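Novice: Residue 125 in UniProt numbering sits at position 125 of the sequence shown; the count goes up by one each step and never skips. Just so you know, even glycine gets a beta-carbon here, dropped at the ideal spot from N, CA and C. Please read all numbers here as calculations on a predicted model, not as lab measurements.
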Amino acid sequence: MNSLILYQSPFNKKRIGKLNDGGYVITDLPGNYDIFLSGGISNDISFEEALLNIYPDLICYAFDGTINYIPDTNKNIKFYNKNLGNVNNETTTDLEEFMINYSNIFMKIDIEGHEFRIMPNIIEKNLISKVKQLIIEIHSPADISLYPNYFKGLQDIKNEHMFSLLNKLNNTHTLIHFHANNGCLIQTIDGIKLPHVFELTYIRNDFIVDKIRNIQPLPTPIDMINVLNKPDYFLEGHPYTI
1 MNSLILYQSP FNKKRIGKLN DGGYVITDLP GNYDIFLSGG ISNDISFEEA LLNIYPDLIC
61 YAFDGTINYI PDTNKNIKFY NKNLGNVNNE TTTDLEEFMI NYSNIFMKID IEGHEFRIMP
121 NIIEKNLISK VKQLIIEIHS PADISLYPNY FKGLQDIKNE HMFSLLNKLN NTHTLIHFHA
181 NNGCLIQTID GIKLPHVFEL TYIRNDFIVD KIRNIQPLPT PIDMINVLNK PDYFLEGHPY
241 TI
């Protein structure tokens, strides 16, 4: 569980996007972004619109192969009817062509378990070093195994794959926010509670000089519960706090 050690952000954090499920916590890094890549849209572009309100000159490429179009918007969002994965074909992209020419990318990944297909590929090609800030929802193998009809083609994903991905992300980025999705179950690994699904915010390591462990119990005051009619998950102790 050391791969999920949480650190304080050296910059202000805030939550953007719609209330409850669909909003995420970001941090105000200095400077701008070259491009905004968003994987997983469904019928909700509230987060994308909110980020583009902060950075009005930013262009967003939004990807989702499960829908044919996105809700009407006057923001700079270009929609691609493609899923994200580790191959390039008519229905899937590995994002390399959208990342190769940029150096400071804002990336949001919420793709229902397929983060375990695309992210190792991005890391292996060292494209991850181009990501300035990363928002990613992790669908743990415990959740994937519970719903095989929903998480089709992902039943090979095990805890070792999840922790390998998290460890590799820590080589280039620092985890500065953790939020449990209370709409899903919770498990225990090595005596530590870990939600089946959780949202992570990372910043690239060149934006953090001194890594200071988080001391604030979770959820924090800026977090919002995902599902209103279910109790939230309260987390403290290693790796969440010291």
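The beta strand (DSSP E) that contains R213, what's its start and end?
Specialist: Numbered from 1 along the sequence shown, position 213 holds the residue referred to as residue 213. That residue, R213, is in no beta strand (DSSP E); it is neither H nor E in DSSP.
Novice: Have a look at L127 and L166 and give me their C-alpha separation to the nearest angstrom.
Specialist: Here residue 127 refers to the residue found at position 127 of the sequence shown. Here residue 166 refers to the residue found at position 166 of the sequence shown. Near 16 Å, if we compare the C-alpha coordinates of L166 and L127.
Novice: Taking Cβ to Cβ, would you say I176 is nearer than 8 Å to T27?
Specialist: Residue numbering aside, residue 176 sits at position 176 when the sequence shown is read from its first letter. Residue numbering aside, residue 27 sits at position 27 when the sequence shown is read from its first letter. Contact: yes.
Novice: Does the distance from the CB of R15 to the CB of G23 come in under 8 Å?
Specialist: Counting from one through the sequence shown, the residue named residue 15 turns up at place 15. Counting from one through the sequence shown, the residue named residue 23 turns up at place 23. Yes; because the gap between Cβ atoms is below 8 Å, this pair is in contact.
Novice: Alpha carbon to alpha carbon, how far is E124 from G31?
Specialist: Indexing the sequence shown from 1 puts residue 124 at position 124. Indexing the sequence shown from 1 puts residue 31 at position 31. Taking the straight line from one Cα to the other gives about 27 Å.
Novice: Just curious, the beta strand (DSSP E) that F63 is in, first and last residue?
Specialist: Position 63 of the sequence shown, counted from the first residue, corresponds to residue 63. Taken as a continuous stretch (DSSP letters only), the beta strand (DSSP E) holding F63 covers 60–63.
Novice: C60 to M99, Cα distance in whole Å?
Specialist: Your numbering for residue 60 matches position 60 in the sequence shown. Your numbering for residue 99 matches position 99 in the sequence shown. When rounded, the distance between both Cα atoms is 12 Å.
Novice: Using CA coordinates, which residue listed in K168, N229, N170, H173 is at the minimum distance from N181?
Specialist: As a first step, residue 181 must be located in the sequence shown, where it is residue number 181. Comparing Cα-Cα distances from N181 to each of K168, N229, N170, H173, the minimum goes to N229.
Novice: Which residue marks the beginning of the beta strand (DSSP E) containing P195, and which one marks its end?
Specialist: To locate residue 195, count along the sequence shown from 1; it is residue 195. Its beta strand (DSSP E) spans residues 192–195.
Novice: Does the distance from the C-beta atom of S38 to that of F63 stay below 8 Å?
Specialist: The sequence position of residue 38 within the sequence shown is 38, counting from 1. The sequence position of residue 63 within the sequence shown is 63, counting from 1. The answer is yes: Cβ separation under 8 Å.
Novice: Here's a check: name, in chain order, each residue in its chain whose Cβ is nearer than 7 Å to the Cβ of F47, leaving out the five neighbours to either side.
Specialist: Start at 1 with the first residue of the sequence shown, and residue 47 comes out as number 47. Hits under 7 Å: I16, G17, G22, G23, Y24, K108.
Novice: Is it right to say L194 is buried, meaning 16 or more other beta carbons lie within 10 angstroms of its own, or is it exposed?
Specialist: Looking up residue 194 in the sequence shown gives position 194. Its Cβ being crowded by 16 or more others within 10 Å, L194 is buried.
Novice: Would you mind reading off the limits of the beta strand (DSSP E) that contains E137?
Specialist: To locate residue 137, count along the sequence shown from 1; it is residue 137. Run containing E137: 131–139, per the beta strand (DSSP E) assignment.
Novice: I'd like the span of the alpha helix (DSSP H) that includes F98, first residue to last.
Specialist: Translated into positions along the sequence shown, residue 98 becomes position 98. Run containing F98: 96–99, per the alpha helix (DSSP H) assignment.
Novice: Per DSSP, which one or two residues make a beta bridge with E199?
Specialist: Mapped onto the sequence shown, residue 199 falls at position 199. Paired residues: E137, H179.
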